[in-house]
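Engineer: For the sequence shown, our numbering assigns the number 252 to the initial residue and increments by one for each residue that follows. Below is a structure I'd like to ask you about.
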Amino acid sequence: MLEVNSLKVKYGRAEALKGVSLTVGQGKVVAVLGSNGAGKSTLLKAISGLVPVSKESSIRLNGEEISGLPPDKIVAKGISYVPEGRKIFPGLTVRENLRIGAYLRQDKKGIEEDMERCYELFPRLKERSNQRAGTLSGGEQQMLAISRALMSKPKLLLLDEPSMGLAPVLVERIYEKIAQIREQGVTMLLVEQNANLALTISDYVYVIANGEIKLQGAAKDFLRERDLVKAYLGS
Numbered sequence: 252m253l254e255v256n257s258l259k260v261k262y263g264r265a266e267a268l269k270g271v272s273l274t275v276g277q278g279k280v281v282a283v284l285g286s287n288g289a290g291k292s293t294l295l296k297a298i299s300g301l302v303p304v305s306k307e308s309s310i311r312l313n314g315e316e317i318s319g320l321p322p323d324k325i326v327a328k329g330i331s332y333v334p335e336g337r338k339i340f341p342g343l344t345v346r347e348n349l350r351i352g353a354y355l356r357q358d359k360k361g362i363e364e365d366m367e368r369c370y371e372l373f374p375r376l377k378e379r380s381n382q383r384a385g386t387l388s389g390g391e392q393q394m395l396a397i398s399r400a401l402m403s404k405p406k407l408l409l410l411d412e413p414s415m416g417l418a419p420v421l422v423e424r425i426y427e428k429i430a431q432i433r434e435q436g437v438t439m440l441l442v443e444q445n446a447n448l449a450l451t452i453s454d455y456v457y458v459i460a461n462g463e464i465k466l467q468g469a470a471k472d473f474l475r476e477r478d479l480v481k482a483y484l485g486s
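Here it is as structure tokens:
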């Protein structure tokens with residue numbers, strides 16, 4: 252589904268990504284692991300069109316080149332991004348946040364049906380449908396950020412550090428829901444520092460350090476090589 256080749260991103264003179272290549276197959280969950288500053292979030296922002304990439308970089312979705320497209324066009328192609336730190340709209344209600352996730356859609360009935368599906372996935376959001384998003388707990392805001400992304404009916408869901416800043420019990424709950432989303436057939440590219448969580452839900456894993464892919468392989472193999480992974484994650 253997704254093919255990234257020779258992806259390079261610079262911030263000024265600093266090279267954040269140095270020719271990263273990876274693939275995400277249809278219906279699969281692929282994890283990108285790495286420590287702070289490794290280039291994980293930059294990778295997702297580049298795929299989403301939020302940061303410029305070099306001319307030799309290639310990002311293809313179902314065979315179509317999308318590098319260089321503006322973010323709204325990339326969403327229209329079927330990629331939805333759940334950013335680090337959630338980035339919900341605090342002054343709007345839960346329902347209004349969800350409707351923003353469907354801003355490119357015109358099928359009113361389908362939008363309402365998908366909103367109900369999000370409420371089924373995260374019942375807490377239904378209870379707080381008319382509550383301002385800024386008053387939600389951190390875990391509830393993460394639920395909202397994921398649901399907002401799902402409202403665009405993505406072919407590929409990008410998740411940036413979904414466990415960040417959450418209590419362990421909430422992290423487990425969020426990952427249970429991510430597993431349910433996977434069961435619904437949604438393809439995902441997941442960025443995480445929490446290797447244990449990512450490995451339990453993923454099919455394939457890339458380890459990134461200093462803007463380069465250092466290791467890759469099936470998640471089940473990485474579960475047997477935790478010391479090797481820790482050497483690159485620094486923990």
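The beta-carbon is built from N, C-alpha and C at its ideal position, and this holds for glycine as well. All values derive from a computational prediction rather than experimental measurement.
#1: Tell me whether Asn-348 is buried or exposed, calling it buried when 16 or more other Cβ atoms sit within 10 Å of its Cβ.
#2: On the criterion of 16 or more Cβ atoms from any shown chain inside 10 Å, does Ala-353 qualify as buried, or is it exposed?
#3: Which class does Lys-359 belong to by DSSP, given the choice of helix, strand or coil?
#4: Label Tyr-262 either buried or exposed according to how many other C-beta atoms from any shown protein chain fall within 10 Å of its C-beta, with 16 as the threshold for buried.
#5: May I ask which residues mark the beginning and end of the beta strand (DSSP E) holding Ala-282?
#6: With respect to the beta strand (DSSP E) encompassing Arg-379, which residues constitute its N-terminal and C-terminal limits?
#7: For my contact list, Val-333 and Ile-464 are in at a C-beta cut-off of 8 Å; report their separation, rounded to the angstrom.
#8: Give every residue of the same chain whose Cβ lies closer than 6 Å to the Cβ of Leu-409, excluding the five residues on either side of it in the sequence, and list them in chain order.
#9: Under a Cβ-count criterion, where at least 16 other Cβ atoms within 10 Å of its own Cβ denotes burial, should Lys-291 be classed as buried or exposed?
#10: Taking the beta strand (DSSP E) that Arg-311 belongs to, which residues open and close that run?
#11: In whole angstroms, what is the alpha-carbon distance linking Ile-362 and Leu-355?
#12: Can you give me the C-alpha to C-alpha distance between Thr-451 and Ala-470, rounded to a whole angstrom?
#13: Quick check on Tyr-426: does DSSP put it in helix, strand or coil?
Structural biologist: Taking the structure as given:
#1: Numbered from its first residue, the sequence shown carries residue 348 at position 97. Buried, since its Cβ has 16 or more Cβ neighbours within 10 Å.
#2: As a position in the sequence shown, residue 353 is number 102, starting the count at 1. Burial call: buried.
#3: Locating residue 359 in the sequence shown gives position 108, counting from the first residue. Helix, per DSSP.
#4: Numbered from its first residue, the sequence shown carries residue 262 at position 11. Of the residues assessed, Tyr-262 falls on the exposed side of the cut-off, its CB having fewer than 16 other CB atoms within 10 angstroms.
#5: Start at 1 with the first residue of the sequence shown, and residue 282 comes out as number 31. Under the DSSP assignment, Ala-282 falls in the beta strand (DSSP E) whose first and last residues are 280-284.
#6: As a first step, residue 379 must be located in the sequence shown, where it is residue number 128. Neither: Arg-379 is in no beta strand (DSSP E) and is coded neither H nor E.
#7: Locating residue 333 in the sequence shown gives position 82, counting from the first residue. Locating residue 464 in the sequence shown gives position 213, counting from the first residue. The Cβ separation is near 22 Å, so there is no contact.
#8: In the sequence shown, counting from the first residue as 1, residue 409 sits at position 158. Leu-295, Tyr-332 and Leu-440, listed in sequence order.
#9: Here the question's residue 291 lines up with position 40 in the sequence shown. Buried: at least 16 other Cβ atoms inside 10 Å.
#10: Stepping through the sequence shown from its first residue, residue 311 is reached at position 60. Start and end: 309-312.
#11: Locating residue 362 in the sequence shown gives position 111, counting from the first residue. Locating residue 355 in the sequence shown gives position 104, counting from the first residue. Their backbone Cα atoms lie some 11 Å apart in a straight line.
#12: Translated into the one-based positions of the sequence shown, residue 451 becomes position 200. Translated into the one-based positions of the sequence shown, residue 470 becomes position 219. Rounded to whole angstroms, the separation of the alpha carbons of Ala-470 and Thr-451 is 8 Å.
#13: Locating residue 426 in the sequence shown gives position 175, where the first residue counts as 1. Residue state, collapsed to three classes: helix.
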